[in-house]
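Below: one structure, written as structure tokens.
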Amino acid sequence: MNSIINSWHTNGEEAIINKENETGDKHKFGAEPIKNQMPSKLLKFTVMPKHLQFNPFVYTGYRPQMNSWECIMSLTYLHNETLNILTHGLPLLYALWSLPKLLPWNEMPLPILPYFHAAATVCPWLGSSIYHLFMNHHSGVKTYERLLQWDVAGVWVTQSCGGFSSIFVGTMCLPWPIRYLLLLIYISFAIKALHAAVYATGPWQRRISFAAMFIMRLLILCLRYTPYGGGHPEALYHVFMQDFWSLVGAVISASQIPERWLPGKFDYAFNSHNIMHVLVVLGGLHMHWAVQKDFLWVAKNQCPK
Numbered sequence: 003m004n005s006i007i008n009s010w011h012t013n014g015e016e017a018i019i020n021k022e023n024e025t026g027d028k029h030k031f032g033a034e035p036i037k038n039q040m041p042s043k044l045l046k047f048t049v050m051p052k053h054l055q056f057n058p059f060v061y062t063g064y065r066p067q068m069n070s071w072e073c074i075m076s077l078t079y080l081h082n083e084t085l086n087i088l089t090h091g092l093p094l095l096y097a098l099w100s101l102p103k104l105l106p107w108n109e110m111p112l113p114i115l116p117y118f119h120a121a122a123t124v125c126p127w128l129g130s131s132i133y134h135l136f137m138n139h140h141s142g143v144k145t146y147e148r149l150l151q152w153d154v155a156g157v158w159v160t161q162s163c164g165g166f167s168s169i170f171v172g173t174m175c176l177p178w179p180i181r182y183l184l185l186l187i188y189i190s191f192a193i194k195a196l197h198a199a200v201y202a203t204g205p206w207q208r209r210i211s212f213a214a215m216f217i218m219r220l221l222i223l224c225l226r227y228t229p230y231g232g233g234h235p236e237a238l239y240h241v242f243m244q245d246f247w248s249l250v251g252a253v254i255s256a257s258q259i260p261e262r263w264l265p266g267k268f269d270y271a272f273n274s275h276n277i278m279h280v281l282v283v284l285g286g287l288h289m290h291w292a293v294q295k296d297f298l299w300v301a302k303n304q305c306p307k
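Residue numbering for the sequence shown follows our numbering, starting at 3 and increasing by one per position.
Following this line, the structure appears as structure tokens:
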């Protein structure tokens, strides 16, 4: 398998070099798009355009720049984005199949609440899958930046809509002025986070954009351990774990560990972004399990009288 992969990389680079010799034009690596000569050939980090050189510790397995159909057809062979696509594409399909029958859609005091959860469950996997599938599109850096913004927007929907459900349930037993003030504060944090995350210039900035929302969810989680908090008692563990796994995944991805320790050894699997994807899916499952219990609790209005 390694010999086949290495052959792909070598042949891909030779094809580019031979093309340069034929035309007499020297390609400036990392500056201009690489035209897709052989869609099944994979390239090395050093020949990729700058906007795709975001992890210097992943050496091989890069797709050339392709048109839309070729990007879709890259699902049929192994490259270094395959696991990133599958780890969020498969949860997307599962969510679309399972959500309609898992929520008490017509029993909520706020009818839009189940739809918030549906959006929080579907949008991150949709944005991420599209981003990773088409990130090497031949139209270049502007298309890449737009895809990245859609990916970040999907994360924002999860943080905002999923978080709103958690805040709504956790504050349900508070006096209404305090409750609606807290909900308004969370919404304002969400609006500010959207602008900050979409226009962030690096992975750490994107993650820090959601810090205020994370801290507020943590405070409401603490409230739920008191007599003043709302929500199903059995949901507390899942509410904690949904943010815990997402936080751990974000730190691992931004730190580029373990490939930073062993460069080139995790090009196709088990690199930091793969790990982050799996942990975020695990966090999403905990979010769904928490919401299932909390929505049943809300439907029965179990606040102390």
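Beta carbons: idealized from backbone N, C-alpha and C, even for Gly.
From the DSSP output, in three-state form, read off residue i for me.
{"i": "L45", "result": "strand"}
{"i": "W263", "result": "coil"}
{"i": "D269", "result": "coil"}
{"i": "H81", "result": "coil"}
{"i": "L176", "result": "coil"}
{"i": "G232", "result": "coil"}
{"i": "M289", "result": "helix"}
{"i": "S211", "result": "coil"}
{"i": "F59", "result": "coil"}
{"i": "C305", "result": "coil"}
{"i": "Q244", "result": "helix"}
{"i": "Q258", "result": "coil"}
{"i": "H279", "result": "helix"}
{"i": "M75", "result": "helix"}
{"i": "M50", "result": "coil"}
Give me the DSSP bridge partner(s) of residue i.
{"i": "Y339", "result": "As displayed, the chain neither begins before 3 nor continues past 307, which places residue 339 out of reach and without an answer."}
{"i": "M68", "result": "H139"}
Tell me whether the beta-carbon of residue i lies closer than 8 Å to the beta-carbon of residue j.
{"i": "I254", "j": "I277", "result": "yes"}
{"i": "L281", "j": "V241", "result": "no"}
{"i": "I169", "j": "Y188", "result": "yes"}
{"i": "V200", "j": "Q151", "result": "yes"}
{"i": "Y64", "j": "N82", "result": "yes"}
{"i": "G172", "j": "G231", "result": "yes"}
{"i": "C73", "j": "H119", "result": "no"}
{"i": "A311", "j": "T123", "result": "Nothing about residue 311 can be read from this structure; the chain reaches only from 3 to 307."}
{"i": "H134", "j": "N69", "result": "no"}
{"i": "H326", "j": "T89", "result": "Absent from the model: residue 326. The displayed extent of the chain is 3 to 307, so no value can be given."}
{"i": "M215", "j": "A195", "result": "yes"}
{"i": "Q244", "j": "A292", "result": "yes"}
{"i": "G165", "j": "R219", "result": "yes"}
{"i": "A301", "j": "M174", "result": "no"}
{"i": "H234", "j": "K144", "result": "no"}
{"i": "L94", "j": "S167", "result": "no"}
{"i": "F136", "j": "L149", "result": "yes"}
{"i": "A256", "j": "P205", "result": "yes"}
{"i": "P58", "j": "L45", "result": "no"}
{"i": "R209", "j": "V154", "result": "no"}
{"i": "A198", "j": "S190", "result": "no"}
{"i": "V159", "j": "P126", "result": "yes"}
{"i": "N138", "j": "L80", "result": "no"}
### Query
Fully enclosed by the region 86–158, which alpha helix (DSSP H) runs are 4 residues long or longer?
115–136
#### Entry: Contact the region 255–263 vs the region 218–226: 3+ CB pairs below 8 Å
no
### Query
Below 8 Å, can you find three or more Cβ-Cβ pairs linking the region 55–69 to the region 267–274?
yes
### Query
Which residue spans inside the region 162–207 form an unbroken alpha helix (DSSP H) run of at least 4?
165–172, 178–200
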